[in-house]
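Undergrad: Chains D and C supply the protein sequences, listed in that same order.
For the first sequence, this note's numbering begins at 17 and goes up steadily by one.
For the second sequence, this note's numbering begins at 106 and goes up steadily by one.
Ideal placement from N, C-alpha and C gives every residue a C-beta, glycine not left out.
Keep in mind it's a predicted model, so treat the numbers as computed, not measured.
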Amino acid sequence: MQIPPFKTAFLLLLPLILHADEEVSFRRDIVPILTNSCVKCHSGAEPEGELDLTTKDGLLAGGVSGDAIITGQAEDSLVYQLAAGQDEDRIMPANGPRLTEAQLTLLKKWINSGATWDTGVVLKGLQQAALKPRRPALPASKHVNPIDRILSVYDQEHGINQPTTIDDTRFIRRAHLDLIGTLPTTEEVEAFLKSNDNNKRALLVNSLLERNKEYTEHWLTFWNDILRNAYIGTGYIDGGRKSITNWLYQALYNNTPYDQFAHELLNPTPESEGFVRGIVWRGVVNASQKREMQAAQNVSQVFLGTNLKCASCHDSYINHWKLSDAYGLAAIFANEPLEIHKCNKPIGEFATPKFIYSELGDINPEAPREERMKQLAELMINPNNGRFARTIVNRLWAHLMGRGIIEPIDDMDQPAWNQDLLDWLAVDLVDHNYDLKHTLKQIVTSQAYQREAVGAPAPDETDFVFHGPIVKRMTAEQFVDAVNAVTQTWADAPAIKLPPITAKDAEQKHDLKVTASWIWDKPDAKSKDTGGTVYFRHSFELTESFSKAVIAVTCDNGFRLYVNGYKLTESDDWSKPKVVDITKHLKHGKNTIAIHAYNFPDKVTGKGLNFSGANAAGLLASLAIERPVENSKESTWSEIKTDQHWKWKRETVKGWETVGFDDNEWQSAAVIGSLNAGPWNAAVGFQAALLAGTELSGHSFVRTSLLNDDVLTRALGRPNREQVITRRNNVATTLQAIELTNGDTLDDALKAGARYWLNQPMNNDNQLIQTIFLTGLSRQATQQEEKVALSLLAGGGTKEQGIEDILWILTMLPEFQLIY
Amino acid sequence: MFKRFNIINSDRREFLQTAGAATLGALAAGSPRAIQAAESGPEATADSVILLWMGGGMASTETFDPKRFVPYEKGMDPTPVLSTFPAIDTVCDHIKISEGLEKVASVMDRATLIRSYTAGDLGHILHSRHQYHWHTGYAPPLTVAAPHIGSVIARTLGPKDPAVPAFIDIGQRFTLGEREELKAFHTAGFLGSEYGPFLIPFPSQATQAVQPPAGMTLERFKRRYKAFQDIANSSALGQHGSDYQKESLHRSLENAYRLLSSPAAKAFDLSLEPKASLEKYDTGRFGRGCLLARRLVEAGARFIEVTTEYVPFLHWDTHDNGHTRLAQLKQAIDGPIAQLVLDLEERGLLDRTMIVLASEFSRDMMMEGRPEKKVKDQVKVPNRIEEMKFYGMHRHFTGAGSVLMFGGGLKGGHLHGVTADERPCTTIKDRVIIEDLHATIYRALGISPKLAYEIENRPFYVTRDGEGRAIESLFA
């Protein structure tokens, strides 16, 4: 369209008004009128007057009174005539408020301009779900789990007969990934498969939920997305944003009851205030994006599963919220009186602070901001607010099952596919003191969760029927963690400083006491060593089964640790003990810990050569071994430690670090002090490090959830957390696949993994392949897979390249990347 | 009835051979639905777009809208200075541009030049925020993640050639200042990562992005993929029925494999360009980026952005030494842009390829912001200029700016918009705002400005509120 000359002139005069002649927009202007005033009755199987106003076809078809509209002629159109009140006996809408003059004008303009209806748009009547909690009776059933009792009726109604239950291998993998986010180790899988306990699945679920650190670092991803808590990002550049990481980590670790969790976010401490503070941008911001409006939108979405974004600009046409509702909630958070803006223009009124579900109670508009926020927090967790618990149990269900009981999960006014199930899970959460782990346990121990996974329903699916969990894709964080597990390579340090909670908590959990002593070759080494390397060895027999083994080592000035011939770690900072989970490196029978210890100056390592004279030297090591107690959840811990039984030699001998080496000729170590001996006084830090390490259970690496995003995790769908994200788009994309096929991040990990596996003691290539498959897929390779993998090891390149290719193939398999 | 998403049971092979990235993306659950505008627009005049991004704020009076030139003199008064370069003639009598752009001047008969682009009024001036606004058409923050214009085009039209990513971004790194802010709009946002940019920070290393990993021969790469297929197809899960998650994994890998082993990948390799041609472009990263863009358009790319790279206080972000630095910058862009136009023309591609050169806002020696809304000065200008480093356009000006366009159905030798000849050199005729500029680009591609994608039950229009209007007078 050419802009006519007169209009150009007009624009010059009024540069701010850019498009003066307002057209009627179907979406913006007409949909709200039809939705709010018409389709409640004119919809469904038997629409009033046989007039269906939810579709274009319905509108054009008319009803019992004939044509509903005559396109281009509003005055002659029945819809307009009745809405305008021209027939006093038949004013539309029959129930509810009359259309305003402005609405009538829009309707008229719309019909006159051709009554355009955007292709494919089907209007829905506005739904509003009940607010109060509801406690459905549990049906009688052969099942024990309440979810299964409810679903037994549902299954019957939908002709679903005895859905199959997945086997133990699939279950342990699914439960691990869903509850703590990582693959089970081969040892965990083996132990689980071996167990004959009828109750072993429930026991596994319990034990996973008790692995607090791993649980926390898995669910951190979920909550960071929802609470848009980023470690770096926009807003941080100039203090316009505040992290809640410390608070969140502790809340998850301590499994803070969900009502208290929400209360602390809504009526926050300085640690948790980042969520309602939102993101403040420099410059002019649209009125609907002021800090208070962000709080209103996010609080309602996160805790109540409803959308106030539309109503932040104007009365919503996707739900029943009004502009005044959004501003009322926002005003609770406002320091100053909050002026209502409609479509970014002030309307000259100020908002009254109120909760969107005002039937639950009042906010005192006169109260100061902190008091109002406290009142809001109380209303949110009010026992009559059934919506609060329903929203979170629906999120958890969706997270585990791939689809909510209500969809979309952020629109809790939509109908549930099983209202009893949703309502029951919600009251069950409240009954159990808002313990989210309880709800997780209810779901994961149900037969419903343990059914065969099914494919996702088509996007245009309308009649959803629950058959079982939907196949899910690993998140970016899960995928990278899983790759780390099969390549034995991981990040050195988290991007965030973790709050100090792990050691203390661990201490309460078991009675492990560290009694190791500082040793060296001579008793006066505490002050009079003149430097150099001492080789230490200690061998021991393991005859009973063990479930975990973690070693802590420190040495003044430095050491290299070997377990059964393999170098695992090294350090030259005695103030920071190294802690390594060596469970998989120990075996039944004889084991050997060998430590190359050195004191500055040391010619062998070339370290500290500028040192001279006598100084302190000492080695401290403690290996904690956990043994399960039969028929019990309990376990016992024992310690293998540095003491006078260790052997030493000042010169290196070939094979000194291996198990088979004969150290009969070596001398016994000298104890130079107890655990807390000076000059190191290391008892507290050393014990804490070891205890924290014992919590890690085979995954003593830095989880990806603790890192900043990178090219790979972004490609795999990690959001930048500027908006609340309650569900990631986890479909595979070509850009992702390119990153996975030739990106440096994954390629480096695979190369490191190949080196790792190449150096593992294996009887033959078949065993190597089987071990890699077990690690990555929790199952053995099939004959065919083994054959292909063997051909890669033998083909063209080096064996290391062959292993690298096997690792790539394994991590690309749908079986690896999907949660079945 | 419960329907599984199961489109390719019948003949997976055939499907895979024909499915491009667009098809794949459209299958994504949760991928937003397009809401087509009721009316249909004019027919497309372009298939591809190259956006040449002058990140950091390109002063229009020093480039495409020269005003009164006052040469440098020690102790000079800065206030009369509107340009620090003299104007030069172009092949079009009625268009003059700034010294240093002689090669662009020689192809002005193929250009449409907008001088009245007016940046959004976002208050406090922040480069990354204005860049976000330019690239998405929306001012942050937003309640949903807005897509980059390249992503909208990738989502709407798909790739031109299935083997070439639809949206390619050349020259920007995300490791320097304001990187988080830059990442925020270099994304497909709610459209889903399938439509995000394929990033090539260094044009001369572009081949690495489309090659097997470092140290892997093509032979081994092919063997690895073949072995993957053998294992994937034979696994227990491979026979475990079909679902879209699994299929989309397969297809995405296949697409990646196809690109990385295909002849199309050669387009990314600048070393295959004849030496004489390479030299014409080789003024640095931006110049090589232009050459890469040309090769990729030839290979079938849909949307390419080539940036001079935004780095705080570098390149066009001239807080000092404006004159000296602009002389260098013009040297870096002049030859490559002209050559890009000529090369595309010679290959018969200019008609269907729109080139758009733009920047987030302009600059001025004295005025910060715009006449009707001044903001706090970010650079101190001395009363007397005693040193060369103060000679240049160092303040952010949002009252006018130049956008240079070529091809894609636009007129040649055409001027649009007028700016004042005295300070403030603001727009006085035919103001162009971002919504209208985007609508113009969309119009060339046959996309309606009222097209919307549905997110959270509401429409998100490709131009704000669907109100962008194409500037029809620019089209031939």
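Just the chain C side, please: which residues come within less than 8 Å of L282 (chain D) by C-beta, in chain order?
TA: Result: empty, since nearest Cβ-Cβ is about 20 Å, beyond 8 Å.
Undergrad: With DSSP collapsed to three states, give me the class of R536 (chain C).
TA: It is coil, neither helix nor strand.
Undergrad: Can you pull the chain C residues whose beta carbon is under 7 Å from the beta carbon of G249 (chain D), in chain order?
TA: Under the 7 Å cutoff, chain C gives E285.
Undergrad: Could you give the first and the last residue of the continuous beta strand (DSSP E) run that contains G290 (chain D)?
TA: That residue, G290 (chain D), is in no beta strand (DSSP E); its alpha helix (DSSP H) goes 290–293.
Undergrad: Within a Cβ cutoff of 6 Å, which residues of the same chain sit near H357 (chain D), ignoring the five residues on either side of it in sequence?
TA: For H357 (chain D), where only same-chain residues beyond five positions count, the Cβ hits under 6 Å are A303.
Undergrad: List, in chain order, every chain B residue whose beta-carbon is nearer than 7 Å to that of E299 (chain C).
TA: The structure shown contains no chain B; its protein chains are D and C.
Undergrad: Considering Cα atoms alone, identify which of D:N758, D:W824, D:T749, D:L243 is closest to L296 (chain C).
TA: Out of D:N758, D:W824, D:T749, D:L243, D:T749 has the C-alpha closest to the C-alpha of L296 (chain C).
Undergrad: On a Cα-Cα basis, can you pick out the residue from D:A110, D:Q97, D:P113 that is closest to I127 (chain D)?
TA: Of the listed residues, the one whose Cα sits closest to I127 (chain D) is D:Q97.
Undergrad: Leaving out five residues on either side along the sequence, give the residues of the same chain with a beta carbon under 6 Å from the beta carbon of M470 (chain C).
TA: P183, V186, M498.
Undergrad: Assuming T668 (chain D) is part of the alpha helix (DSSP H), what are its boundary residues?
TA: Note, T668 (chain D): premise wrong, no alpha helix (DSSP H); not H, not E.
Undergrad: Taking the continuous beta strand (DSSP E) assigned at W696 (chain D), which residues delimit it?
TA: Note, W696 (chain D): premise wrong, no beta strand (DSSP E); not H, not E.
Undergrad: Around the Cβ of C838 (chain D), are there at least 16 other Cβ atoms within 10 angstroms (buried) or fewer (exposed)?
TA: Since the first and last residues shown for chain D are 17 and 836, residue 838 (chain D) lies out of range.
Undergrad: For chain D, find out if any of its Cβ atoms is closer than 9 Å to the Cβ of T545 (chain C); answer yes or no.
TA: Chain D, which has no Cβ nearer than 9 Å to the Cβ of T545 (chain C), makes this no.
Undergrad: Using the Cβ count rule (16 or more neighbours within 10 Å means buried), how would you classify H661 (chain D)?
TA: The residue in question, H661 (chain D), is exposed, as its Cβ has fewer than 16 Cβ neighbours within 10 Å.
Undergrad: Under 8 Å, with one C-beta from each stretch per pair, do the region 491–506 of chain C and the region 220–234 of chain C reach the 3-pair mark?
TA: Judged by Cβ distances under 8 Å, the region 491–506 of chain C makes contact with the region 220–234 of chain C, as three or more pairs qualify.
Undergrad: Determine which residues share a DSSP beta bridge with K583 (chain D) and list them.
TA: Looking at the DSSP assignment, K583 (chain D) forms a beta bridge with D:Y578.
Undergrad: Along chain D, in chain order, which residues have C-beta atoms closer than 7 Å to that of V100 (chain C)?
TA: No information on residue 100 (chain C) is available, as it lies outside the stretch 106 to 581 that chain C covers here.
Undergrad: Can you give the beta carbon distance from T7 (chain D) to V47 (chain D), rounded, assuming they're within the 8 Å contact cut?
TA: Summary: the structure shown does not reach residue 7 (chain D), with chain D confined to residues 17 through 836, and so no result is reported for it.
Undergrad: State the beta-bridge partners of N607 (chain D) as determined by DSSP.
TA: According to DSSP, which records beta bridges pairwise, N607 (chain D) is partnered with D:F556.
Undergrad: Q144 (chain D): buried (16+ other C-beta within 10 angstroms of its C-beta) or exposed?
TA: Q144 (chain D) is exposed by the Cβ-count criterion.
Undergrad: Check the Cβ-Cβ distances between K288 (chain C) and every residue of chain D, and say whether any is below 9 Å.
TA: At least one chain D Cβ lies under 9 Å of K288 (chain C).
Undergrad: Any idea what DSSP makes of R43 (chain D), helix, strand or coil?
TA: Note: R43 (chain D) maps to helix in three-state DSSP.
Undergrad: Rounded to whole angstroms, what's the CA-CA distance from E650 (chain D) to E801 (chain D)? Just pull it up for me.
TA: Each residue's alpha carbon lies about 39 Å from the other.
Undergrad: For chain C, check one thing: does any of its Cβ atoms lie closer than 9 Å to the Cβ of E801 (chain D)?
TA: Yes, E801 (chain D) counts as interfacial toward chain C.
Undergrad: Measure from the alpha carbon of V487 (chain D) to the alpha carbon of each residue in D:Y836, D:L50, D:I49, then state which is nearest.
TA: Residue D:Y836 is the option with its Cα nearest to V487 (chain D).
Undergrad: Using a C-beta cutoff of 9 Å, does K603 (chain D) count as contacting chain C?
TA: Not an interface residue.
Undergrad: Taking beta-carbon pairs under 8 Å, can you tell me which members of the region 239–263 of chain C lie near chain D?
TA: Per Cβ criterion, the list reads A244, P245, P246, L247, T248, V249, A250.
Undergrad: To the nearest angstrom, how far is the alpha carbon of G294 (chain D) from that of A731 (chain D)?
TA: Between G294 (chain D) and A731 (chain D), the C-alpha separation is close to 26 Å.
Undergrad: Name, please, each residue of chain D whose Cβ falls closer than 8 Å to the Cβ of F580 (chain C).
TA: In chain order: nothing, as chain D lies at least about 10 Å away.
Undergrad: Is there a Cβ from chain C that is less than 9 Å from the Cβ of Q310 (chain D)?
TA: Q310 (chain D) counts as touching chain C.
Undergrad: Tell me whether L520 (chain C) sits in a helix, a strand or coil according to DSSP, three-state version.
TA: The answer is strand: DSSP assigns L520 (chain C) an E or B state.
Undergrad: Excluding the 5 residues preceding and the 5 following K623 (chain D) in the sequence, name in chain order all residues of the same chain whose CB lies nearer than 8 Å to its CB.
TA: These residues qualify, in order along the chain: N573, G574, D588, Y614, F616, P617.
Undergrad: Of all the CB atoms in chain D, is at least one closer than 9 Å to the CB of I140 (chain C)?
TA: Yes, contact with chain D.
Undergrad: Between H428 (chain C) and the rest of its own chain, which residues show a CB-CB distance below 6 Å, the 5 nearest in sequence each way excluded?
TA: Only T189, Y496, G497 meet the Cβ criterion.
Undergrad: Helix, strand or coil for W773 (chain D), going by three-state DSSP, please let me know.
TA: W773 (chain D): helix per DSSP, three-state reduction.
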